[in-house]
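So for the sequence shown, the numbering used here puts the first residue at -2; every next one is plus one.
To keep things clear, I will list the structure first and then write my remarks on it.
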Amino acid sequence: MDDYLVEPAWLSDHLGDPSVVVLDCIWYVPEAGKSGLDEYRQGHIPTAQYIDLNAVSDASSTFVNMLPPAEQFAVEVGRLGIGDNTMVVVYDSSYVSARLWWMFRLFGHDKVRILNGGMRRWISEGRAVETGDPAAAAPAIFTARPPRDEVAAWPEVLCAVNDKSAALLDARTPGRFTGEMSSGYPGVAGGHMPGAINVSWNALIEQTEPFTFVSPMKARELFEAAGVDLSRPAIATCGSGVTAAIIAFQLERIGKHDWRLYDASWHEWGQREDLPKESV
């Protein structure tokens, strides 16, 4: 088995395997006006449970989509039938699955894979779907271990801005990065951190069939073409810490492990008047 991905054929063969739990994590930013749960109800992979990104985010934080306390994560995934020995396969229809992959790993659960191509590929291959609400899962006990040291906070990012100690890789789309488009969040300025390099998340996932993650070779080429010095540590960032996980995922796949993810990302940085910003 691949260390990061499973293919639809593998998943199809393992649906119903009690040691495998499939998680549908389809989610949308509020401005999209759509519901991931509604989309799940309209059609999902058979046996899949639905996990709401909001339910595994810290609702008490000033910033959106922040990592939850370990206990909160453990309770939410345990009620979906995920225990310490469960193989977790996550999928979505766009860009959220890498965030769930990262959170599972962060809390010490390495038995997690992303369905390569997600729901779009599953449907394009004519595979079966179910509709309706999730079936009740038998609760399991999930042990969330102390988080890995993969989370960056703004002081570390500011140091990287000032002394170039790490490459800042921004996963937002070009318009968000340059400031030509709004940040997507009320009260949050547009633009980017000085010295940040834009590696848009949608360049790292094929946007036409089969909708798979680009190969490690192509990912490396994309990073290098954007001007990323892969010999330096990296900090992944984006609008709110979600698509930054796609950069982290692809860095892992090319064998680069000295990265961290700025969890609060631009949602914090863009609101702070004391932090430097650039726009085009």
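Where is the CB? At the ideal position from N, CA and C, for every residue including glycine.
Cβ neighbour criterion (16 or more within 10 Å) applied to Arg142: Your numbering for residue 142 matches position 145 in the sequence shown. Arg142 should be labelled exposed.
Entirely within the segment 119 to 174 and at least 3 residues each: give me those beta strand (DSSP E) ranges in chain order. 164 to 167
How far does the beta strand (DSSP E) with Met84 in it extend, from its first residue to its last? Your numbering for residue 84 matches position 87 in the sequence shown. Counting along the chain, the beta strand (DSSP E) containing Met84 begins and ends at 84 to 88.
Would you call Met63 buried or exposed, if buried means 16 or more other Cβ atoms sit within 10 Å of its Cβ? Residue 63 sits at position 66 when you count from the first residue of the sequence shown. The residue in question, Met63, is buried, as its Cβ has 16 or more Cβ neighbours within 10 Å.
Residue-level contact to chain C via CB, Gly105, 8 Å cutoff: This model lacks chain C altogether; it includes just one protein chain.
Neighbour-count burial assignment, Thr205, 16 or more Cβ in a 10 Å radius: For this step, residue 205 is matched to residue 208 along the sequence shown. Counting Cβ neighbours within 10 Å, Thr205 comes out exposed, since fewer than 16 surround it.
Taking the C-alpha atoms as reference points, what is the distance between Glu280 and Gly105? No answer is possible for residue 280: it lies beyond the span of the chain, which begins at -2 and ends at 277.
What number of angstroms, rounded off, separates the C-alpha of Ser228 from the C-alpha of Val18? Residue numbering aside, residue 228 sits at position 231 when the sequence shown is read from its first letter. Residue numbering aside, residue 18 sits at position 21 when the sequence shown is read from its first letter. Ser228 and Val18: Cα-Cα distance of roughly 37 Å.
Determine the closest residue to Lys253 out of Gly13, Ala233, Asp35, Arg38, with distance taken between C-alpha atoms. For this step, residue 253 is matched to residue 256 along the sequence shown. Checking every option, the nearest Cα to that of Lys253 belongs to Ala233.
Taking the Cβ atom as the reference point for each residue, do Arg117 and Phe60 lie within a distance shorter than 8 Å? By 1-based counting over the sequence shown, the position of residue 117 is 120. By 1-based counting over the sequence shown, the position of residue 60 is 63. No, the Cβ-Cβ distance between Arg117 and Phe60 is not below 8 Å.
Could you tell me the alpha carbon to alpha carbon distance between Ser9 and Asn199, rounded to whole angstroms? Translated into positions along the sequence shown, residue 9 becomes position 12. Translated into positions along the sequence shown, residue 199 becomes position 202. Near 26 Å, if we compare the C-alpha coordinates of Asn199 and Ser9.
With DSSP run on the structure shown, which of helix, strand or coil describes Asn289? Residue numbering for the chain in the displayed model covers -2 to 277; residue 289 lies beyond these limits and cannot be assessed.
Does Val19 come out as helix, strand or coil in the three-state DSSP assignment? Locating residue 19 in the sequence shown gives position 22, counting from the first residue. Three-state result, Val19: strand.
When we look at the beta-carbon of Met190 and count the other beta-carbons within 10 Å, is it buried (16 or more) or exposed? As a first step, residue 190 must be located in the sequence shown, where it is residue number 193. Met190 comes out buried.
May I have the straight-line CA-CA distance separating Thr44 from Ile194, to the nearest angstrom? Translated into the one-based positions of the sequence shown, residue 44 becomes position 47. Translated into the one-based positions of the sequence shown, residue 194 becomes position 197. So the alpha carbons of these two residues sit roughly 40 Å apart.
So Thr140 packs on Lys108, CB below 8 Å; how close in whole Å? For the purposes of this step, residue 140 is identified with residue 143 of the sequence shown, where counting begins at 1. For the purposes of this step, residue 108 is identified with residue 111 of the sequence shown, where counting begins at 1. Not a contact, Cβ separation roughly 12 Å.
Per DSSP, what are the beta-bridge partners of Leu77 in this structure? The residue given as residue 77 occupies position 80 in the sequence shown. The partner list for Leu77 (beta bridge, DSSP) is empty, contrary to what the question assumes.
Quick one: is Ile23 buried, meaning 16 or more other Cβ sit within 10 Å of its Cβ, or exposed? Residue numbering aside, residue 23 sits at position 26 when the sequence shown is read from its first letter. The residue is buried, with at least 16 neighbouring Cβ atoms inside 10 Å.
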